[in-house]
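Worksheet: one structure, shown below.
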Amino acid sequence: MLPVLLGAFTASAYVDPKCADYQLRDDYDEQSQQDFLANYVTLATTLSPQHAPIPHAAGHGAIGVDLAIIPPLGCRRRLVLNGTKTEDTNKTPVAPRIRASFAFPELGKLRPYAGVAYIPPVPFLGTRNVIVSGELGVGVELGEKAQLGGRYHFTMQKTIGEIATPFNIEDPSFEDLYLGSSFGVDAMFGYALGAVTPYVAAGVTDVSTFFYIGDTSVSTNNLHPYFGPVASLGVDGLVKERFRFGAELYTAPGGFSKPDPTAESVGGFGRYGNITTARIRLALEL
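Count the sequence shown with the numbering used here and you get residues -3 to 282, in order.
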């Protein structure tokens, strides 16, 4: 599902006509471009809240589908190999996944809850993907309407298939391996307005990636894995006590990480990874 976002490593030297006249910026850096694309895939599937600080009444939960919209990338991010190739990054506009959550019995004023999300390994576009996410959180009511909460989340994903196509189109294809993971913490605030609860969340998220190219046996390391702020602005609603919905604007504006002290860093907030997107939740309350 997501491997079509990858491929900034070794692939057929084709330039999209839309990008033929695009001039690379003076601060273009090949390693940074590859790291951005590697981070972008994992940032697109982080498990953001998509619910209020108190997602359910105690002893209740929900099961449904999340839709994570994947914004298309422009020529600036699609051009690689010093501008001699564009990556076909925009085939997958959305990543759907099954998601379930449950609120445990109250602990005094605290409302603990947990959630999981899953994309099964169904072959898609010649690849197999497994994405597993989870969250643990707690909320508390401040008066009759205000809610305060905190949560921990993680996501792990694996993609196997021909992600980076051969440089020569006649060469045989080999399966590649992409691994990505993210984890982070959020602080949340919500305000109940009858059937809907608007909320905001802010926190920090860490991303790690690994890419193995099958036809060259080369491992591409992400020298600038994303580590930085994330934020959400959304609304959580319940209709007729049975149908739960959520809509959220999510952003990871940029971060810094430099595990390799010999790597040249050309700086710029958000240079190595950033995304702003919308996410939707549709679920049945249990």
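Don't be surprised by glycine CBs; every beta carbon is placed ideally from N, CA and C.
| query | result |
| --- | --- |
| Rounded separation between Thr247 and Lys105 - CA only | 31 Å |
| Classification of Asp23 by the beta-carbon crowding that lies within 10 angstroms, buried from 16 upward | exposed |
| In DSSP terms, what Phe206 is bridged to | Leu175 and Asn217 |
| Reference Gln19, options Arg72, Gly190, Gly176 and Phe120, closest by Cα | Arg72 |
| Stretch-stretch touch, CB-based, cutoff 8 Å, three pairs: the stretch 131 to 146 with the stretch 42 to 62 | yes |
| beta-carbon Tyr148 near the ligand GDP non-hydrogen atom, thresh 7 Å | Looking for the ligand GDP in the displayed structure turns up nothing, as the structure carries no ligands at all. |
| Coarse secondary structure for Lys154, derived from DSSP in three states | strand |
| Where Leu(-2) sits in the DSSP three-state scheme | Model confidence at Leu(-2) stands at a pLDDT of 46, short of 50, so the residue's coordinates are unreliable and nothing is read from them. |
| Beta-ladder partner(s) of Tyr36, from DSSP | Answer by DSSP bridge pairing: none, since Tyr36 is not bridged. |
| Within 8 Å, strictly: CB atoms of Leu144 and Phe185 | yes |
| Beta-carbon gap between Ile65 and Arg275 smaller than 8 Å | yes |
| Other residues of its chain near Thr193: CB distance less than 6 Å, five sequence neighbours each side excluded | Ala48, Gly186 and Asp232 |
| CB-CB length for Glu83 against Val76, believed under 8 Å | 6 Å |
| Arg74 - containing alpha helix (DSSP H), residue span | Cys71 to Arg74 |
| Alpha-carbon spacing of Thr38 relative to Val203, whole angstroms | 7 Å |
| DSSP-derived helix/strand/coil call for Lys141 | coil |
| Residues of its chain near Ile156, where Cβ-Cβ distance is below 7 Å and the 5 sequence neighbours each way are ignored | Thr123, Arg124, Glu171 and Leu173 |
| Proximal residues to Ala110 (C-beta, below 8 Å), its chain only, five neighbours per side dropped | Ser97, Phe98, Phe100, Gly130, Glu131, Leu132 and Gly133 |
| Assigned exposure category for Leu43 - 16 Cβ within 10 Å defines buried | buried |
| Beta-carbon contacts of Asn86 that lie in its chain and below 7 Å, excluding the five residues immediately before and after | Pro68 and Leu69 |
| CA nearest to the CA of Thr205, picked from Asp25, Phe32 and Gly251 | Phe32 |
| Helix, strand or coil at Pro13 [DSSP, three-state] | helix |
| Exposure label - Gly251; buried when at least 16 CB within 10 Å | buried |
| Within 8 Å, strictly: CB atoms of Arg95 and Val118 | no |
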